[in-house]
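Chemist: Counting in this note's numbering, the sequence shown runs from 2 upward without gaps.
All C-beta atoms in this analysis are idealised placements derived from N, C-alpha and C, irrespective of residue type, glycine included.
Have a look at this one before I ask anything.
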Amino acid sequence: MKFFKDYTLLISIIVAIMFSAYTSYEYMQKATISNELISNIKKQTLLKQMTQTLIQERRSALNFINNPTPKNEEDFNNLHAKSKKITDEISKLFEDMPEYKADLIQNIKFLRENIQDAKQKYSTAFLYFFQRINSSMIESYLTAQNSDINLDLKIYITILNKIYSNLGLINESRSYISEALSNHQIVTQENIMRWLNDEILEQSQINLLPQNEVKAQIEKLINSKQTIDMLSEFSDLYLNIVSSKAHEISSDDIKKIDQFEYYKFSILLEFSDLVENKLIRDASIFYSQAHSKFIAFLALTGFLVYSVIVLFARLRLLNELNEDLSYIKEYMIKKDITPEAVLKELVATHRNLSDKYNRNKMFNGIKNIYLNKLIKTHKNKHKQNAQSIAFLKRSFLSADKTKAINTLDENTTLTYANFENIKNILDIESSDFVLNNEEFDPQILFKNILESKMGDVRDKKINFITFIDPKLDKYLVGDDNKIKIITSNIISSAISQCNQYANITVEIKTLPQELGSEFVNLSVSVQNDANTLTQSQIHTLLNSDANLQNYQEDTEFWIAVANMYLELMNSKIFINAANATGGIGNEFRYTIKLRTTDKPDIPKYNKNLQVCFVNDINAKYNSFFTQILKDFGIDFQTVSNLSRINDPKKYNMILMREDKEIQTNIKNLAMVKDPLTPIGILSKLKHDYLAHYAQDFSLNRPQVLIYDNNSIVLNMCATAFEAYGVDIVLKNNYEAMLEMTKNIYFDIIFITAQLHGDITATMKEYDRFKALTLNAKTPVIGMLSNTSSASEKDIESLFDAHIKKPFNTETLKMLLYKFIPNFKNFVKKENDLAKNREILLCKKSPIENKIFVSALEEFNDKLTVASSFDEVVQHLRDKIYGLVLVDEEIEGFNIETLSNFMETAIEEHKIDAKLFVFSNKKIQEQKSKSYIKEFSPHIGKIQLANAIRQELGHGPRGAVDTHL
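Spelled out as structure tokens, the structure:
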């Protein structure tokens, strides 16, 4: 009850909201009804125009038949064109009623086609046509009459409904008359009494109209001399026929009666036009008013709802303040405290806090400025170090010197990572502590994290056993930078506890979740075999973030920073001692929930490889390695050591953990470096195997990537490869090229090199590229401008080789033979391919197939015709064809499917096969696949026959232009 008492003010506003919302709904209904009414009237007006035009066109046609003068012919043609125009308008206006529109257009088409038919069947068809449209008009007005609409509008609707009902009666009478005239039936007095009802004009309830210009115009029509004379003439006829049973009803009498009915029909149509014009004007005004009121009441409802929300918040605040004041008042009375004493204490406390805050702010500002300067300086130095180390790696061949350089490289990278951590801490202090969620690949992120810790691992000679779940095969949405810091800090904590030769196991996997969920529960666990932590030590570690500045050990600091970030993700670190690791060591673990998106492109690899895995001395490492192979779907055998392998050649690949002390001559041995990751194994399956061995026994085409920011240069470079059977990918955007090389392996890569003086920019881009997983060992060729004056020293420090643009044929050939094993298999030798004279043809229609078959009649004994793309595929499966001609417009057309069949014919059967595509547009695949050619869909029969003769070596009979 107290709640209602505090918020009584809101009740009246809520009632007003309900009233306003209901009123808004009512006006919306009225606006909708009036809008539908306007739309229906427009449709009916067009149908009446069609009716009147057909009547006029019919009359004009009969005049022209009876008196074929130029004037009558011109009148008929004008009316014929007018009726066609109205027919087109009807077709557009009735698009929302497809079945009704189709029936309507069919009836109109019949009437227009038989407009000059002097027989009675036209009249019968016309009367049936009007009966159809008149019924729809009556139905439309009955619906509007029963709706919630303005009373004045209802009067007009009622009158129109009556007018159209009378028009229906007249139409029915004219149907009887038409039947009597056509079948020479006997006409009774009962028929005549129904047909000659001249009170229909009165029965249309015209008197209900309010006094306005419409009623005046209708009364003028009724009282016109023509109407009065017509009514008088036929009243006499009516009396003669009805009063005299002996009166013989002749055909002339029936025709006069038909004329009378037609006059009533015409005048009622005029009445309906006048009333509908008035109705559509009034309905438009009513719609505007209802729509405006609907918008106004809707806005009022929204404003009142907003007012209630704001007022409720303020009333609640006032209520809380009132409760606080009551509490303070009671407390002060109870403790006998004066307001003056309370104020003095508050002022003193505030002054102390303000002084402390200002002092801390000043010292933090000095610290931040100093650290930012250090970071900025170090970034510049890091670039120079990276540049120098890259140069030294190219210059020194000695193993000892290379080892020393690698150590410098690792230490530089570690130092840079430490400065990045400092920068992240500063960012926490200087900006909002929030998540910056972005899409990232978890396999690449965690691989990079594990690799960044290898320097610390080597320093302590730690046995570093890692596992990243291959089921993490989708992009995740989260703050990857913070996840990187969290995981790195936890691993650093585990390492800091260890002595030399310790064991650390990192396991990154997904936890069970609901089927079909778009979220994944990611679990990261780091275990070591260091001294077991006590419960008090665990408590200190997990609560060290409360007093971050006074940490005693590195472990406390790493855990504190990681926990700060995990709090943003609604998670925290769990530490299990002893029991988690079999009685020795500690486990650091956290779980976060992240949203999944699309799957990244995973490089293709041969799942049918014969693989042997050599066990490591560590059982945990073996279980992780074999689990990854199983998830990849690789069938493998396991041996305890290399000496157990009697015949290494029976395996495509032998995998084992890297051991620098092992000396062996086994050529297909692939050692996997620490840390163990799915990407590391995948790179062996894809790169180390396929790049060096697969081409000896398979026909996988070499993959070539060319990057240049100039599209014209790209196309020029691509033409240099026409003599080779390779697949070319062209990229003119560096980021797009970088994204593609993350998951797709290339045999060789050509990259433009802007070497003008300082090579820092090129070095930065090249470093980013070489950091990629699958193409880290791919040979990279620098493309230089023909006028480049770059020194050999600069070039050798960056690229495996270089070539100037445009490509020299011999230089390119030398590079391809040097860097792509067995490249000789992919040099096109068309003269060595056999000719196959079998032809397969498929055009988009049977008629076109017949036309082209006649053009190729001299090849009938070798010609096969298909009527669909599925039939084309079936023929290609059953038989080898030298020439395949397919129309791009056929349903199901797929250029890749056809290309596969063509390549099989060329590579496996050594057939000089060609694929001709009937197409108006440039086919993208034609750039890299020389066996694909284009024909214009409109190519002539002679040109087609000549082109086929030329391909088969017969020689053309005339000039050939395949794109005529």
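#1: If you drop the 5 nearest sequence neighbours on each side, which residues of the same chain put their C-beta closer than 6 Å to that of S789?
#2: Using a Cβ-Cβ cutoff of less than 7 Å, which residues in the same chain neighbour A578 once the five nearest sequence positions on both sides are dropped?
#3: If we ignore side chains and look at the alpha-carbon of each, how far apart do K49 and T24 end up?
#4: What are the boundary residues of the beta strand (DSSP E) that K851 is part of?
#5: Comparing C-alpha positions only, which one of D153, K863, Q944, I463 sits nearest to I281?
#6: Assuming L11 and F313 form a contact by the criterion Cβ under 8 Å, report the distance between their Cβ atoms to the nearest whole angstrom.
#7: Considering only C-alpha positions, which residue in the set S920, V885, I14 is nearest to L305?
#8: How about D913 and G883: do their beta carbons lie closer than 8 Å?
#9: Could you have a look at Q212 and say whether DSSP puts it in helix, strand or coil?
#10: Whole angstroms are fine: how far does the CA of H939 sit from the CA of I891?
#11: I need the straight-line Cα distance from L691 to I749, nearest angstrom please.
#12: Are three or more beta carbon pairs between the stretch 630-650 and the stretch 658-670 nearer than 8 Å?
#13: In the DSSP assignment, find the unbroken beta strand (DSSP E) run with R838 in it and report its ends.
#14: For D76, collect the residues of the same chain with a Cβ closer than 6 Å to its Cβ; drop the 5 residues on either side in sequence, then sort them by chain order.
#15: What are the boundary residues of the beta strand (DSSP E) that F468 is part of?
#16: List, from N- to C-terminal side, the alpha helix (DSSP H) runs of 4 residues or more that fit wholly inside the stretch 498-578.
#17: Given L953, which residues of its chain have a CB within under 6 Å of its CB, disregarding the five upstream and five downstream residues?
#18: How would you write the range of the alpha helix (DSSP H) that F441 sits in, first residue to last?
#19: Among the residues of its own chain, which have a CB less than 6 Å from the CB of L301, if the five just before and after it don't count?
#20: Ignoring anything shorter than 3 residues or poking outside the stretch 642-681, list the beta strand (DSSP E) runs there in chain order.
#21: What span of residues does the beta strand (DSSP E) with V828 cover, start to end?
#22: State the DSSP-derived secondary structure class of P957, mapped to helix, strand or coil.
#23: So, at 6 Å on beta carbons, what are the nonlocal neighbours of F751 in its own chain, with the 5 sequence-adjacent residues on each side left out?
#24: With distance defined between alpha-carbon atoms, name the residue in Q53, E557, A719, Q57 nearest to F131.
#25: Have a look at the DSSP bridge pairing and note the partners of G479.
#26: Span of the beta strand (DSSP E) holding D728?
#27: Using the beta-carbon count (16 or more within 10 Å), is A946 buried or exposed?
#28: At what residues does the beta strand (DSSP E) containing M966 begin and finish?
#29: Determine the contact status of V458 and F468, defining contact as a CB-CB distance below 8 Å.
#30: Between F827 and the rest of its own chain, which residues show a CB-CB distance below 7 Å, the 5 nearest in sequence each way excluded?
#31: Starting from R950 and walking both ways along the alpha helix (DSSP H), at which residues does that stretch end?
#32: In whole angstroms, what is the alpha-carbon distance linking R950 and Q944?
#33: When the Cα atoms are used, what is the spatial distance from L238 to S267?
#34: Relative to the C-alpha of R133, which residue among K930, N151, I486, Y101 is closest?
#35: Do three or more CB pairs link the stretch 502-511 to the stretch 561-575 at distances below 8 Å?
#36: Measuring CB atoms only, is the stretch 166-186 touching the stretch 259-278, in the sense that at least three cross pairs come out at less than 8 Å?
Modeler: According to the data block:
#1: In the same chain as S789, and ignoring 5 residues on each side of it, no C-beta atom comes closer than 6 Å to its own.
#2: If you ignore the 5 residues before and after A578, its C-beta comes within less than 7 Å of the C-beta of T533, L534, I539, N587, all in its own chain and listed in chain order.
#3: For K49 and T24, the distance between alpha carbons rounds to 37 Å.
#4: No beta strand (DSSP E) contains K851, which is instead part of the alpha helix (DSSP H) from 847-856.
#5: Residue nearest to I281 within the set D153, K863, Q944, I463 is D153 (criterion: CA-CA distance).
#6: 6 Å between Cβ atoms; contact.
#7: The option with the nearest alpha carbon to L305 is I14.
#8: Yes, Cβ-Cβ distance for D913 and G883 is below 8 Å.
#9: Residue state, collapsed to three classes: coil.
#10: Between the alpha carbons of I891 and H939 lies a gap of roughly 15 Å.
#11: Unreliable positioning characterises L691 in this predicted model, as indicated by a pLDDT of 41, which lies under 50. A coordinate reading is not provided.
#12: Yes, the stretch 630-650 touches the stretch 658-670.
#13: Per DSSP, R838 belongs to no beta strand (DSSP E) and is neither H nor E.
#14: Excluding residues within five positions, the ones whose Cβ falls inside 6 Å are S61.
#15: Its beta strand (DSSP E) spans residues 464-469.
#16: Complete alpha helix (DSSP H) runs here, min 4: 536-543, 555-569.
#17: If the five residues before and after L953 are omitted, its C-beta is found closer than 6 Å to the C-beta atoms of R838, all from its own chain and listed in chain order.
#18: Segment 439-441 is the beta strand (DSSP E) holding F441; no alpha helix (DSSP H) there.
#19: Correct list, in chain order: S21.
#20: As summarised for the stretch 642-681, the continuous beta strand (DSSP E) elements at least 3 residues long and confined to that stretch are 654-658, 670-673, given in chain order.
#21: Going by DSSP, V828 is part of no beta strand (DSSP E) at all; its letter is neither H nor E.
#22: Note that P957 scores 44 on pLDDT, short of 50, meaning its location in the model is unreliable and no value can be drawn from it.
#23: Within the same chain, F751 has close Cβ partners I707, I782, M784.
#24: Proximity to F131 across Q53, E557, A719, Q57 peaks at Q53, based on C-alpha coordinates.
#25: Under DSSP, G479 shares a beta bridge with E439.
#26: Note, D728: beta strand (DSSP E), 728-732.
#27: A946 comes out buried.
#28: The requested residue 966 is not part of the displayed model; the chain covers only 2 to 965.
#29: Against a cut-off of 8 Å, the Cβ pair of F468 and V458 comes out as no contact.
#30: For F827, same chain residues with a beta-carbon under 7 Å away, outside a window of 5 residues either side, are R702, P703, Y725, G726, V727 in chain order.
#31: Note, R950: alpha helix (DSSP H), 942-952.
#32: Each residue's Cα considered, the two are about 10 Å apart.
#33: Whole-angstrom Cα-Cα distance: 20 Å.
#34: In terms of CA proximity to R133, Y101 leads the group K930, N151, I486, Y101.
#35: Touching, no.
#36: Yes, since at least three Cβ pairs between the stretch 166-186 and the stretch 259-278 fall closer than 8 Å, the two stretches touch.
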